[in-house]
Every structure is written in C-alpha cells, then in structure tokens.
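First up is the structure itself, then whatever we jot down about it.
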Amino acid sequence: MTKNNDLKMPIDTQLTTLFCLIDGFCTDISEQVEQYMLTCGKIKRVRQSQICASDVITLLYA
Numbered sequence: 002m003t004k005n006n007d008l009k010m011p012i013d014t015q016l017t018t019l020f021c022l023i024d025g026f027c028t029d030i031s032e033q034v035e036q037y038m039l040t041c042g043k044i045k046r047v048r049q050s051q052i053c054a055s056d057v058i059t060l061l062y063a
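Next comes the structure, spelled out in structure tokens:
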C-alpha cells in the first residue's frame, strides 16, 4: 500500500496542471460560444483583454 505523501506533487506543479486544464477548457468553450453568438451586422474588432478568463478562474479556484 502506498502512502498519500508519495503521490503528492509540489504546489507549483499542481497550479501549472490546474491552469493547463482550465485554459484548455476555456479555449474549447470560447470556440463553441463564438459559433452560437448572435451578430448585429457590424464588424467589430475582438481585442484580447489584459488577463484571460483561464487566469481569473485559476486564481479563484486556487
């Protein structure tokens, strides 16, 4: 039987893994949302914000 201490990862590895999972989810879901959004007929420039949704979600979750 293995101890739980043997399976623990360093906190920075855990946060990196968590961020990668959340970032992948946000990328996938944003592509799906873009497909179903209604348009107003005008061409609008989509600007990147200073902090992405996956950053915010990771900070809230951690």
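Residue numbers 2 to 63, in our numbering, belong to the letters of the sequence shown in order.
Quick reminder that beta carbons are idealized off the backbone N, C-alpha and C, glycines included.
Keep in mind it's a predicted model, so treat the numbers as computed, not measured.
Notebook entry, point to check: Measuring CB to CB, does cysteine 27 end up less than 8 Å from isoleucine 58?
Noted result: Yes, these two residues count as a Cβ contact at 8 Å.
Practice prompt. Compute the Euclidean distance between the alpha carbons of threonine 18 and arginine 46, then round it to the nearest angstrom.
Written response: Their backbone Cα atoms lie some 32 Å apart in a straight line.
| request: Alpha carbon to alpha carbon, how far is serine 55 from threonine 14? Give it in angstroms, no decimals. | output: Taking the straight line from one Cα to the other gives about 17 Å.
Q) With leucine 22 and alanine 63 assumed to form a contact (beta carbons below 8 Å), what rounded beta-carbon distance in angstroms separates them? A) With 8 Å as the limit, leucine 22 and alanine 63 do not qualify as a contact, their Cβ atoms being about 12 Å apart.
* To do: Please report the residue range of the alpha helix (DSSP H) in which valine 57 lies.
  => Run containing valine 57: 54-62, per the alpha helix (DSSP H) assignment.
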